[in-house]
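Everything on this sheet refers to the single structure shown next.
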Amino acid sequence: MSFPVQANGSPRAVPNSEASFFWRKLSEHRTALWRLASIGLFFLVWEIAGRIPISFAFPTFLETLRAFVTMTLDGSFVAAYAETLQPLVIGIAISAVIGIGLGIVMGLSRFAEWLVAPVFIVLQAAPMAALIPLITFVYGIGLVSKTLAVIMLALPVIVLNGYKAVRNANPSLVAMCYSFQGNLWQRITKIIIPDASPVIFAGLRLGLAAGFIGVILAELLITPTGIGDLITYHRSVANYAEMYAAVVSIILVSTLTLAALEAFELRVLRPEKRKS
Amino acid sequence: MRNITAQAASAAAVAAGSDVAVEVRGVCKMYNEVEALRGIDLDFPAGKLTTLLGPSGCGKTTLLKIIAGLIPATSGEIRVNGQTVTGPGPERAFVFQDFALMPWATVMRNVAFGLELKGMGKDERQSIARKYIAEVGLSGFESKYPHELSGGMRQRVGLARAFAVNADVLLLDEPFSAVDEQNRRKFQEDLLELVEKEKKTFIFVTHSIEEAVYCSDRIVILSRRPGRIAQIIEPEIDRTASPDAIRRDQGYLDTVEEIWQGLKRYVD
Ligand SMILES: Nc1ncnc2c1ncn2[C@@H]1O[C@H](COP(=O)(O)OP(=O)(O)OP(=O)(O)O)[C@@H](O)[C@H]1O
Ligand SMILES: [Mg+2]
Numbered sequence: 000m001s002f003p004v005q006a007n008g009s010p011r012a013v014p015n016s017e018a019s020f021f022w023r024k025l026s027e028h029r030t031a032l033w034r035l036a037s038i039g040l041f042f043l044v045w046e047i048a049g050r051i052p053i054s055f056a057f058p059t060f061l062e063t064l065r066a067f068v069t070m071t072l073d074g075s076f077v078a079a080y081a082e083t084l085q086p087l088v089i090g091i092a093i094s095a096v097i098g099i100g101l102g103i104v105m106g107l108s109r110f111a112e113w114l115v116a117p118v119f120i121v122l123q124a125a126p127m128a129a130l131i132p133l134i135t136f137v138y139g140i141g142l143v144s145k146t147l148a149v150i151m152l153a154l155p156v157i158v159l160n161g162y163k164a165v166r167n168a169n170p171s172l173v174a175m176c177y178s179f180q181g182n183l184w185q186r187i188t189k190i191i192i193p194d195a196s197p198v199i200f201a202g203l204r205l206g207l208a209a210g211f212i213g214v215i216l217a218e219l220l221i222t223p224t225g226i227g228d229l230i231t232y233h234r235s236v237a238n239y240a241e242m243y244a245a246v247v248s249i250i251l252v253s254t255l256t257l258a259a260l261e262a263f264e265l266r267v268l269r270p271e272k273r274k275s
Numbered sequence: 000m001r002n003i004t005a006q007a008a009s010a011a012a013v014a015a016g017s018d019v020a021v022e023v024r025g026v027c028k029m030y031n032e033v034e035a036l037r038g039i040d041l042d043f044p045a046g047k048l049t050t051l052l053g054p055s056g057c058g059k060t061t062l063l064k065i066i067a068g069l070i071p072a073t074s075g076e077i078r079v080n081g082q083t084v085t086g087p088g089p090e091r092a093f094v095f096q097d098f099a100l101m102p103w104a105t106v107m108r109n110v111a112f113g114l115e116l117k118g119m120g121k122d123e124r125q126s127i128a129r130k131y132i133a134e135v136g137l138s139g140f141e142s143k144y145p146h147e148l149s150g151g152m153r154q155r156v157g158l159a160r161a162f163a164v165n166a167d168v169l170l171l172d173e174p175f176s177a178v179d180e181q182n183r184r185k186f187q188e189d190l191l192e193l194v195e196k197e198k199k200t201f202i203f204v205t206h207s208i209e210e211a212v213y214c215s216d217r218i219v220i221l222s223r224r225p226g227r228i229a230q231i232i233e234p235e236i237d238r239t240a241s242p243d244a245i246r247r248d249q250g251y252l253d254t255v256e257e258i259w260q261g262l263k264r265y266v267d
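Respectively, the protein sequence lines represent chains A and B. With numbering that gives the first Met the number 0 as the guide, the letters of the first sequence map in order to residues 0 to 275. With numbering that gives the first Met the number 0 as the guide, the letters of the second sequence map in order to residues 0 to 267.
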């Protein structure tokens, strides 16, 4: 079956001399080093591009950094995110509950799969961002519309991942649970969900990233509030460094949230992956 | 060694009566168009280790899973301690060929899992699990995860999990097939000790003739698909001798040879 393979680790790593010890040490930190190097290189290129300059509306990295620090200290980020995160958190929470629930039901029942899966496959392929202005017609410009925008972007990928994960749950573990007289509820909570959790969480991470896009689009397209307002405002008064700082803050916040989600998953559902 | 032909076997089986743990009566199994088992009548004596042996694809796993209640028979019935089987039950426990351990759970939780499903409290089930972890020789590994264990150790976890629920009948599907040869021999010796100690009925599927003769009280040889009973052999080996003496014993070697002569015609 699937799991004995992963225990053996990399077949290539056979260190047998001093030199290879050095390489091994280096390779342990290699991913971290490469990551830092690639980020550093990116900032360098940014700084150079800003100094040429490629456009009068393109600030250098250092200007952006300065604006970022100022905006962090004067509290404008805090105020903006307090507003932006509201529809995002509500939307993601709703999408996660509905998405994982639907995904599990679809994974377990052929009928539900037949009924629901095509809808979400179409929705995932559709250009949902283009539909966001339509929501305003129906639900106005308030919190409801923005939450809906988040759900529209986040839900399909969460549902489809949950469904695929449950459908592909290790049949041997399911049979094991059945043979020890586990009931349906135990089979779902003790075997299927933990077994499917890596893929379910991959779906949640993709959904969260899509939700970020949804809420920013809603703030840019529906009503300028929160971080979207910050971007719009600074663009309108030609504070390009501040505008880019706001954009960078979005990337930062979404990366941190995704990392937190991953840490939560390892901690709660798959403790064995933490050790190695 | 006692060699019982197919016809005499079913007669002997029905006569055995009293201390029979598992009765198989007229079991047939069709997978759509594929006939896997045909008219199996078989008794498994209580407290003994019976092996199912036969060519690949003859339906050994299928028969074991039907006895376990994991899949239904197309016709016929299974009785365990006189009760007709309709699904998995507490008096039977299965040891899986691929171990079927939860990779996210420690050895302790895996071994105690059958008890956890029954709703037993944590302290109680852990103390039971600890006992069986020690019995299969894994003390000190309670908080390890499956991927930190060797194949042989993983199968010991699977065995301890089956012991922990205190079933009367243990069903083992090629438990050693993913274990290397040296560990396998050690494991076989340990298993025999456990058979002696636990006084349970073991039904064991294997590909290895040596393993079957070495471990079994009774060997059921199935013919090629559709599986039917070809031969029943009781090795009658003196188990008080040391493992190495048994492996050199003339009766042991003759039995291996005889089974091989019988099975040879299925190999092409
Ligand atoms: N789920 C299934 N669907 C269809 N056919 C199956 C299924 N499971 C088994 N079979 C068929 O039934 C026959 C018996 O299979 P089984 O797995 O019981 O054999 P086996 O004796 O355990 O073989 P092996 O020694 O290779 O493990 C095989 O020919 C196989 O192709
Ligand atoms: Mg098999």
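Built from N, CA and C at the ideal position, the CB exists for glycine as well.
Counting only beta-carbon atoms, is residue i nearer than 8 Å to chain B?
| i | result |
| --- | --- |
| MET70 of chain A | no |
| PRO126 of chain A | no |
| MET242 of chain A | no |
| LEU203 of chain A | no |
| GLN123 of chain A | no |
| PRO52 of chain A | no |
| MET0 of chain A | Its pLDDT being 36, under 50, MET0 of chain A is placed unreliably in this model, and the coordinates cannot settle the point. |
| SER171 of chain A | yes |
| PRO132 of chain A | no |
Taking only the alpha-carbon atoms, compute the straight-line gap between residue i and residue j and give it to the nearest angstrom.
| i | j | result |
| --- | --- | --- |
| THR231 of chain A | VAL143 of chain A | 21 Å |
| GLN185 of chain A | THR49 of chain B | 32 Å |
| ARG184 of chain B | LEU114 of chain B | 30 Å |
| LEU262 of chain B | ARG227 of chain B | 13 Å |
| PRO270 of chain A | TRP103 of chain B | 6 Å |
| ILE150 of chain A | ALA128 of chain A | 11 Å |
| LYS199 of chain B | ILE232 of chain B | 20 Å |
| VAL104 of chain A | VAL96 of chain A | 12 Å |
| MET70 of chain A | GLY225 of chain A | 13 Å |
| ASP122 of chain B | PHE98 of chain B | 25 Å |
| ILE277 of chain A | PHE57 of chain A | With chain A covering 0 to 275 only, the question about residue 277 of chain A has no answer from this structure. |
| GLY88 of chain B | PHE43 of chain B | 17 Å |
| TRP22 of chain A | LEU32 of chain A | 14 Å |
| GLN82 of chain B | ILE66 of chain B | 12 Å |
| VAL13 of chain B | TYR265 of chain B | Legend: pLDDT at VAL13 of chain B = 49, less than 50; position of this residue unreliable, value from coordinates given subsequently. Between VAL13 of chain B and TYR265 of chain B, the C-alpha separation is close to 28 Å. |
| PHE2 of chain A | TYR144 of chain B | Only weak support exists for where PHE2 of chain A lies, its pLDDT of 39 falling under 50; the value from the coordinates is given anyway. Cα to Cα, the separation comes out at about 12 Å. |
Going along chain B, which residues have a C-beta under 7 Å from residue i?
| i | result |
| --- | --- |
| GLU271 of chain A | PRO102, TRP103, TYR144 and HIS146 |
| MET175 of chain A | PHE95 and ALA99 |
| GLN85 of chain A | Per Cβ cutoff of 7 Å: no residues; GLN85 of chain A is ~34 Å from chain B at best. |
Is there at least one Cβ from chain A nearer than 8 Å to residue i's Cβ?
| i | result |
| --- | --- |
| ALA35 of chain B | no |
| ASP151 of chain B | This sequence places Gly at residue 151 of chain B; Asp is not what is there. Cβ-Cβ to chain A under 8 Å: no for GLY151 of chain B. |
| VAL164 of chain B | yes |
| LEU51 of chain B | no |
| VAL116 of chain B | Note that residue 116 of chain B is Leu in the sequence shown, not Val. Judged by the 8 Å Cβ criterion, LEU116 of chain B is in contact with chain A. |
| ALA11 of chain B | Residue placement at ALA11 of chain B cannot be trusted, given a pLDDT of 49 that sits under 50; what the coordinates show is reported in the next sentence. It does not: the Cβ of ALA11 of chain B has no partner Cβ on chain A nearer than 8 Å. |
Residue i touches chain A at which residues, Cβ-Cβ below 8 Å?
| i | result |
| --- | --- |
| PRO322 of chain B | What the structure shows of chain B is the stretch from 0 to 267, and residue 322 of chain B is not part of that stretch, so it cannot be assessed. |
| LEU190 of chain B | The contacting residues do not exist; LEU190 of chain B stays about 20 Å from chain A at best. |
Does the beta-carbon distance from residue i to residue j come in below 8 Å?
| i | j | result |
| --- | --- | --- |
| ILE132 of chain B | ILE208 of chain B | no |
| ILE77 of chain B | VAL23 of chain B | yes |
| ASN109 of chain B | LEU116 of chain B | no |
| LEU219 of chain A | GLY227 of chain A | yes |
| GLY202 of chain A | ILE157 of chain A | yes |
| SER178 of chain A | PHE93 of chain B | yes |
| LEU36 of chain B | LEU63 of chain B | no |
| ALA244 of chain A | ALA48 of chain A | no |
| LEU190 of chain B | CYS214 of chain B | yes |
| ALA217 of chain A | ALA153 of chain A | no |
| ALA163 of chain B | ILE202 of chain B | no |
| PHE20 of chain A | PHE42 of chain A | no |
What does residue i reach in chain B if we use C-beta pairs closer than 8 Å?
| i | result |
| --- | --- |
| LEU268 of chain A | TRP103 |
Applying a beta-carbon distance threshold of less than 9 Å, which residues of chain A neighbour residue i?
| i | result |
| --- | --- |
| LEU69 of chain B | ALA174, TYR177 and SER178 |
Run down chain A in chain order and give the residues with a C-beta less than 7 Å from the C-beta of residue i.
| i | result |
| --- | --- |
| VAL204 of chain B | Per Cβ cutoff of 7 Å: no residues; VAL204 of chain B is ~15 Å from chain A at best. |
| GLY136 of chain B | Under the 7 Å cutoff, chain A gives no residues; its nearest Cβ is about 19 Å from GLY136 of chain B. |
| PHE112 of chain B | PHE179 |
| ALA158 of chain B | In the sequence on display, residue 158 of chain B carries Leu and not Ala. Those within 7 Å of LEU158 of chain B in chain A number zero; the least Cβ separation is about 13 Å. |
Would you say residue i touches ligand 4, meaning its beta carbon is less than 7 Å from a heavy atom?
| i | result |
| --- | --- |
| ALA35 of chain B | Inclusion of ligand 4 in the displayed structure is not the case, the ligand content consisting of ligand 1 and ligand 2 alone. |
Using a cut-off of 9 Å between C-beta atoms, extract the partners of residue i located in chain B.
| i | result |
| --- | --- |
| PRO223 of chain A | Ordered by position in chain B, no residue passes the 9 Å Cβ test against PRO223 of chain A, which lies about 45 Å from the chain. |
Report task. Would you list the residues whose beta-carbon is nearer than 7 Å to any heavy atom of ligand 2, in the order they occur in the chain? Result -> B:LYS59, B:THR60, B:GLN96, B:ASP172, B:GLU173 and B:VAL204
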